[in-house]
Amino acid sequence: MNIHTYEKAWLAVAMVLIVGFIATITYGAVGPGIAMIDDDGGTIDPDKINDDERFSDPGVTHVGGNEYEASIVAQAWSYTPGEITVPANSKVTFYVTSRDVTHSYTVVGTNVNTMVVPGQVSQMTAEFNETGEYGVLCNEYCGQYHHTMEGKINVVPEDEFDLTELSTDAPDEAQVGNQTTINATVSNGMNYDLEPTATLEIDDQTIEQDVTVPAHGSETVEFAVDTTDLGTGDHDWTVTVDGHEDGDTLTVTNATEGGDGDA
Ligand SMILES: [Cu+2]
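All the letters of the sequence shown, read from the start, carry residue numbers 690 to 952 under the working numbering.
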């Protein structure tokens, strides 16, 4: 059978195009590292998000090495937490779910972008190599204030990154002659134990205590304060742990005036 030269040429062109299309699609699917969202993250009851271990206290936790997890809850028209901080050169796996309608979690200027469907946990992993701020927005129309739905990711230098939190608990007032206690709770978001020193400064007294805070846990340090040493009046105090500081004022009153409570 004789095939006309032109027909052969067109057949060849068509074959090249077909192979080209397949190659382009294959490259697009596997080449640039674009992952499709699947059901890896699992499902969740959208009415019971607060009972879920991962989402009851959403935020960033350390997994190990340079790997972190960020759990985020989307709802009309905000993300919880709205702002997260991760260190540079980290690998962050996001788990995002919705409390109400379909949203998205889109990190502007990157290919991190997922639909967030109620009942489902969207999972994706991204590497943050450079410091900077990334805007997060919702790409799925979710109601009247959809356009105001935004979040933020701060990528900070590794040596500035810190998941330690300090909170204190102390009475505002104590009677002279009694001993009172200032409590400092240190929580540790890292996947290893921390052994910082907690320092209480009140007037010109300094009390130091070593504390061991377990990985992903917290520990409370009690500082016993002798009100007789302080004397009556206002005493400013601060607790410092690893560069974190919290403080207040302790008012020491005379036994008589403290008793009948001038509120
Ligand atoms: Cu939305």
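Note that the Cβ used here is the ideal one computed from N, Cα and C, for glycine as well.
The beta carbons of Thr927 and Gly936 sit closer together than 9 Å. Proximity of the beta carbon of Val790 to ligand 1 is indicated: a heavy atom of the ligand is located closer than 8 Å. Trp926 is bridged by DSSP to Ile891, Asp937. Take Val806, set aside five residues on each side of it, and the residues of its chain with a beta-carbon closer than 6 Å to its own are Thr791, in chain order. Straight through space, the alpha carbons of Ala763 and Phe744 are spaced by roughly 11 Å. Secondary structure of Met704 (DSSP, three-state): helix. Inclusion of Ser793 and Asn755 in the CB contact set at 9 Å is not warranted, their separation being larger than that value. In the three-state reduction of the DSSP assignment, Glu696 falls in the helix class. Residues of the same chain with a CB within less than 7 Å of the CB of Phe817, apart from the 5 flanking positions on each side, are Val775, Ala777, Ser779, Val781, Val844 in chain order. For Thr750, there is no enclosing alpha helix (DSSP H); the residue is found in the beta strand (DSSP E) stretching over 748-753. Taking 8 Å as the cut-off, the C-beta of Ser793 counts as close to a heavy atom of ligand 1. For His835, the distance from the CB to the nearest heavy atom of ligand 1 is below 8 Å. Rounded to whole angstroms, Gln898 and Asp789 show a C-alpha spacing of 46 Å. Distance from the CA atom of Thr786 to the CA atom of Leu919, rounded to whole angstroms, is 52 Å. If you check the CB distance, Phe912 and Asn867 do not come in under 9 Å. DSSP lists Val805 as the beta-bridge partner residues of His792. Cα atoms of Thr853 and Gln833: separation of roughly 37 Å, rounded to the nearest angstrom. Residue range 853-858 is occupied by the beta strand (DSSP E) that includes Leu855. For ligand 1, a non-hydrogen atom lies closer than 8 Å to the CB of Met838. Look at Glu911 here: in three-state DSSP terms it is strand.
Residue range 821-826 is occupied by the beta strand (DSSP E) that includes Leu826. Here Ile896 has Leu889, Phe912 as same chain residues with Cβ atoms under 6 Å from its own Cβ, once five neighbours each way along the sequence are excluded. In chain order, Asp882 place their CB closer than 6 Å to the CB of Pro903, counting only its own chain and leaving out the 5 sequence neighbours on each side. Secondary structure of Asn778 (DSSP, three-state): coil. Met690 is classed as exposed because its beta carbon has fewer than 16 other beta carbons within 10 Å across all chains shown.
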